[in-house]
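For reference, the structure is listed below as structure tokens.
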Amino acid sequence: MAKAKALIIILSGSDNPVKVKLGLNVAWRTKNSGAFEDVKLIFFGPGEEFIAKTEDKEIIEAYEQVLSNNIIPQACVAVADGYGVSKILIDKKVELVHAGQAIAQIMSEGYQPLTF
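All residue numbers for the sequence shown refer to this note's numbering, where the first residue is 62 and numbers rise by one.
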């Protein structure tokens, strides 16, 4: 039986950092364990500003685990520009994309969305 593919979408921001941390941990832990065939991660909306500006040590560590497990995070270029965090996100190795189109494409490839 084929494994599912996961698209983790982190929408939460500073209003709910626990959800951000949970989304990051689900992403890297399921990728690392092989629970899913593949895992993709998109920050969207407040999640983009939060990951750009957070100083929360646990969230930074979880984000570093995402990167070390070969997950390339993406974020919406328009939203990042609106929050003024595009350069910060690029420096944090986030790929800026047109999120609506990216989500549609990823889902058309059989990925199941999980939102945090």
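Using N, Cα and C, we set each Cβ at its ideal position, and we do this for glycine too.
Check: Where residue 81 sits in the DSSP three-state scheme; Outcome: helix
Check: Other residues of its chain near residue 130: CB distance less than 6 Å, five sequence neighbours each side excluded; Outcome: 89, 92 and 93
Check: Residue 99 to residue 152 span [Cα, whole Å]; Outcome: 24 Å
Check: Cβ-heavy atom distance, residue 78 to the ligand PLP, below 7 Å; Outcome: Although the ligand PLP was asked about, the structure shown includes no ligands whatsoever.
Check: 7 Å CB neighbourhood of residue 64 in its chain, flanking five on each side removed; Outcome: 97 and 98
Check: Option nearest residue 135 by Cα separation, candidates 67, 174, 102 and 175; Outcome: 102
Check: Simplified DSSP assignment, three categories, for residue 105; Outcome: coil
Check: Per-residue DSSP class, three states only, for residue 112; Outcome: helix
Check: Simplified DSSP state of residue 170, which is helix, strand or coil; Outcome: coil
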